[in-house]
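Student: Residue numbers (the numbering used here), protein chains in the order written: chain L, 703 to 913; chain X, 703 to 913.
The structure that follows is given in the form of structure tokens.
2 protein chains.
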Amino acid sequence: MSDESQARPTRIQQKNRATILEGALTVFSSQGFRGATIDQIAEEAGLSKPNVLYYFASKEEIYRNLLTGLLDMWLDPLRSINPEGDPLSEVHRYVATKLQMSRDYPRESRLFANEVLQGAPLLTEILGGLLREMVDEQAAVFQGWMDQGRLARVDPHHLIFSIWALTQHYADFEAQVRAVLGPGHDPYAEAGVFLDRLYSNLLTVHPDEQG
Amino acid sequence: MSDESQARPTRIQQKNRATILEGALTVFSSQGFRGATIDQIAEEAGLSKPNVLYYFASKEEIYRNLLTGLLDMWLDPLRSINPEGDPLSEVHRYVATKLQMSRDYPRESRLFANEVLQGAPLLTEILGGLLREMVDEQAAVFQGWMDQGRLARVDPHHLIFSIWALTQHYADFEAQVRAVLGPGHDPYAEAGVFLDRLYSNLLTVHPDEQG
DNA sequence: GCAAATATTGACCAAGAGGTCAGGATCAGG
DNA sequence: CCTGATCCTGACCTCTTGGTCAATATTTGC
Chain L
703 MSDESQARPT RIQQKNRATI LEGALTVFSS QGFRGATIDQ IAEEAGLSKP NVLYYFASKE
763 EIYRNLLTGL LDMWLDPLRS INPEGDPLSE VHRYVATKLQ MSRDYPRESR LFANEVLQGA
823 PLLTEILGGL LREMVDEQAA VFQGWMDQGR LARVDPHHLI FSIWALTQHY ADFEAQVRAV
883 LGPGHDPYAE AGVFLDRLYS NLLTVHPDEQ G
Chain X
703 MSDESQARPT RIQQKNRATI LEGALTVFSS QGFRGATIDQ IAEEAGLSKP NVLYYFASKE
763 EIYRNLLTGL LDMWLDPLRS INPEGDPLSE VHRYVATKLQ MSRDYPRESR LFANEVLQGA
823 PLLTEILGGL LREMVDEQAA VFQGWMDQGR LARVDPHHLI FSIWALTQHY ADFEAQVRAV
883 LGPGHDPYAE AGVFLDRLYS NLLTVHPDEQ G
């Protein structure tokens with residue numbers, strides 16, 4: 703904040719920028735970008751509004767920082783699929799990891815959901831660039847496994863979409879899921895069982911359809 | 703607008719209320735409730751702002767009218783599952799119908815997605831009431847089929863969630879789907895094939911697991 | 001312990017947004 | 001073709017909100 707070039711951040715800077723982003727995550731994820739106000743973020747973070755703007759030049763900069771800062775973490779499970787591993791196990795692990803992330807980081811899920819819902823104004827480059835490459839690469843791994851007869855043949859891209867849709871649904875539509883199920887349910891545990899079954903049945907190779 | 707009791711609407715009233723709701727659907731579905739402005743709605747509808755407020759008392763009333771007006775249409779496919787029909791065919795028809803609705807009415811899908819994402823402030827009663835009853839009823843039908851050995855055993859509620867998640871994903875996350883797939887794709891057509899396969903494999907009864 | 005850098009805030013501003021209202025235009029029915 | 005009801009609008013009000021700034025407090029490094 704002081705020097706023209708990148709200055710190393712103070713301890714206070716580090717802490718305050720972090721608490722601001724933390725508060726902003728809560729607010730943006732539940733209100734969307736336009737619905738959120740700097741006052742809400744400031745209150746959530748326990749700082750005054752001008753103080754928030756002392757650390758970030760504008761509301762949009764807070765938002766941008768949040769998005770880009772969380773993107774890597776969010777996409778990490780996709781990267782960690784092991785092409786040398788057992789295909790079915792790798793898919794199951796990916797599904798389980800994504801589901802757990804929805805349970806443990808629902809705000810992050812909703813943040814991205816909000817952004818994409820509104821047409822992803824700030825993410826289009828990334829979606830069509832980095833993400834697309836990662837997905838294509840991963841789809842190629844799946845395709846390879848299918849060609850080797852180790853995974854049933856389905857459209858690999860839509861396989862990935864289905865995993866995203868099914869796992870993030872429990873975070874993004876939590877209000878609906880809880881209202882419909884009522885109390886006394888552990889949606890994520892039940893979903894885990896359901897999804898295991900679903901992907902086993904979808905992807906297990908049946909002897910009569912190899913080749 | 704004139705009488706204390708319900709007066710029959712004029713032709714002009716009918717037309718203008720309809721165009722306002724139509725414009726509001728576009729705006730609310732792409733901006734969320736808080737992000738939308740009456741000015742945007744007015745412009746979208748080709749009316750002046752005060753004129754919009756002449757037909758609806760407030761922004762929230764427009765929104766409320768939209769939501770409740772579209773809810774029946776949105777939930778209709780669930781109602782039309784035939785308990786006397788062939789289980790697998792009925793599920794496939796439901797999936798196909800929901801997918802087509804996402805393709806044909808993406809704004810409606812996004813409108814509800816936005817609302818639920820923000821915690822469904824205006825829909826909680828309906829979600830926990832009407833919707834919950836409908837889902838429970840439908841889940842009971844599925845359960846019956848499973849008990850008869852005509853459908854593989856899976857959690858019926860999560861089966862329904864999965865259909866919602868997978869079909870609406872293509873409308874709600876359209877920006878992402880298109881960015882990742884790139885041009886030259888018909889996401890809905892591909893999804894149709896994928897989902898047919900997915901639910902066949904999930905729900906077809908295997909001889910060795912009946913009982 | 002003392003300057004210089006850093007951090008914080010109250011007061012303020014301009015633009016935006018929801019909503020009102022008086023008055024004028026238009027339309028329907030007799 | 002006239003009158004009352006309906007429809008429409010420009011001007012305006014108020015509250016919110018993103019953002020600024022000068023002044024003050026606090027911390028840091030010597």
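A virtual CB, placed ideally from N, CA and C, is assigned to each residue, including glycine.
The model shown is predicted, which means the values in this text are computed figures rather than measured ones.
Any C-beta of chain L within less than 9 Å: which residues of the stretch 871–889 of chain X qualify?
Tutor: His871, Tyr872, Asp874, Phe875, Glu876, Ala877, Gln878, Val879, Arg880, Ala881, Val882, Leu883, Gly884, His887 and Pro889
Student: For L:Val856, which three-state DSSP category applies?
Tutor: coil
Student: Report yes if the C-beta distance between X:Gly725 and X:Ala747 is below 8 Å; otherwise report no.
Tutor: yes
Student: Which residues of chain L have a Cβ atom closer than 8 Å to the Cβ of X:Arg736, listed in chain order?
Tutor: Gln733, Gly734, Arg736 and Gly737
Student: With distances taken from CA atoms, which of L:Ala873, L:Ala744 and L:Met803 is nearest L:Ile764?
Tutor: L:Ala744
Student: Could you spell out where the alpha helix (DSSP H) holding L:Val818 opens and where it closes?
Tutor: Pro808 to Leu819
Student: Apart from the five residues on each side of it in sequence, which residues of its chain come closer than 6 Å, Cβ to Cβ, to L:Asn718?
Tutor: Answer for L:Asn718: Tyr757, listed in chain order.
Student: Should L:Asn753 be labelled buried (16 or more other beta-carbon atoms within 10 Å of its own) or exposed?
Tutor: exposed
Student: Nearest to X:Arg879 by alpha carbon, out of L:His871, L:Ile862, L:Gly884 and L:Arg880?
Tutor: Note on identity: in this sequence residue 879 of chain X is Val, with Arg being the wrong assignment. The shortest C-alpha to C-alpha distance from X:Val879 to any of L:His871, L:Ile862, L:Gly884 and L:Arg880 is the one to L:Ile862.
Student: Taking C-beta to C-beta, are X:Gln870 and X:Ala815 nearer than 8 Å?
Tutor: yes
Student: With distance defined between alpha-carbon atoms, name the residue in X:Leu833, X:Tyr872, X:Asp888 and X:His860 nearest to X:Lys800.
Tutor: X:Tyr872
Student: Given that a residue counts as buried once 16 or more other Cβ atoms are within 10 Å of its Cβ, and exposed if not, what is L:Arg812?
Tutor: buried
Student: Can you find at least 3 beta carbon pairs, one from the stretch 826–838 of chain X and one from the stretch 827–835 of chain L, that sit closer than 8 Å?
Tutor: no
Student: For a contact defined as C-beta to C-beta under 9 Å, what are the partners of X:Thr826 on chain L?
Tutor: Ala877 and Ala881
Student: If you check the beta carbons only, do X:Leu819 and L:Asp874 fall under 8 Å apart?
Tutor: yes
Student: Within the 8 Å Cβ cut-off, does X:Ala744 reach chain L?
Tutor: no
Student: Give the residues from the stretch 814–848 of chain X that approach chain L closer than 7 Å (Cβ to any Cβ), ordered along the chain.
Tutor: Ala815, Asn816, Val818, Leu819, Gln820, Gly821, Ala822, Thr826, Leu829, Gly830, Leu833, Arg834 and Val837
Student: Residues of chain X with CB closer than 9 Å to the CB of L:Ser804, please, in chain order.
Tutor: None at all; the shortest Cβ gap to chain X is about 11 Å.
Student: In chain L, what lies closer than 7 Å to X:Arg812 by C-beta?
Tutor: The contacting residues are Leu819.
Student: Would a check of beta-carbon distances place X:Leu900 closer than 8 Å to chain L?
Tutor: yes
Student: Classify X:Gly884 as buried or exposed, calling it buried when 16 or more other Cβ atoms lie within 10 Å of its own Cβ.
Tutor: exposed
Student: The alpha helix (DSSP H) that contains X:Phe875, what's its start and end?
Tutor: No alpha helix (DSSP H) contains X:Phe875, which DSSP labels as neither H nor E.
Student: Measure the Cβ-Cβ separation of X:Glu892 and L:His860 and say whether it is below 8 Å.
Tutor: yes
Student: So the candidates are X:Gln850, X:Arg809, X:His908 and X:Asp888; which of them puts its Cα closest to the Cα of L:Asp675?
Tutor: As shown, chain L starts at 703 and ends at 913. That puts residue 675 of chain L outside it, with no answer to give.
Student: Use the C-beta contact count for L:Ser791: other C-beta atoms within 10 angstroms, 16 or more gives buried, fewer gives exposed.
Tutor: exposed
Student: Determine, for L:Ser864, whether the minimum Cβ-Cβ distance to residues of chain X falls below 8 Å.
Tutor: yes
Student: When you compare each of X:Gly734, X:Tyr890, X:Val907 and X:Met775 to L:Ser864 by their alpha carbons, which one comes out closest?
Tutor: X:Tyr890
Student: Under three-state DSSP, which class holds L:Gly830?
Tutor: helix
Student: DSSP three-state call for X:Arg710: helix, strand or coil?
Tutor: coil
Student: Using a Cβ-Cβ distance under 8 Å, would X:Gly913 count as near chain L?
Tutor: Bear in mind that a pLDDT of 44 at X:Gly913, under 50, signals an unreliable position, so the number given afterwards is only what the model happens to contain. No, its Cβ sits nowhere closer than 8 Å to a Cβ of chain L.
Student: Three-state secondary structure (DSSP) at L:Glu786?
Tutor: coil
Student: Against chain X, does L:Leu773 count as a neighbour if the rule is that its beta carbon must be under 8 Å from one of theirs?
Tutor: no
Student: Kindly indicate which three-state DSSP category L:Leu749 falls into: helix, strand or coil?
Tutor: In this structure, DSSP gives L:Leu749 a state outside helix and strand, which the three-state scheme calls coil.
Student: Helix or strand or just coil, what does DSSP make of X:Gln845?
Tutor: helix
Student: Closer than 8 Å, Cβ to any Cβ of chain L: which residues of the stretch 710–735 of chain X, in chain order?
Tutor: Ser732, Gln733, Gly734 and Phe735
Student: Run through chain L and tell me which residues come within less than 9 Å of X:Asp778, C-beta to C-beta.
Tutor: The contacting residues do not exist; X:Asp778 stays about 17 Å from chain L at best.
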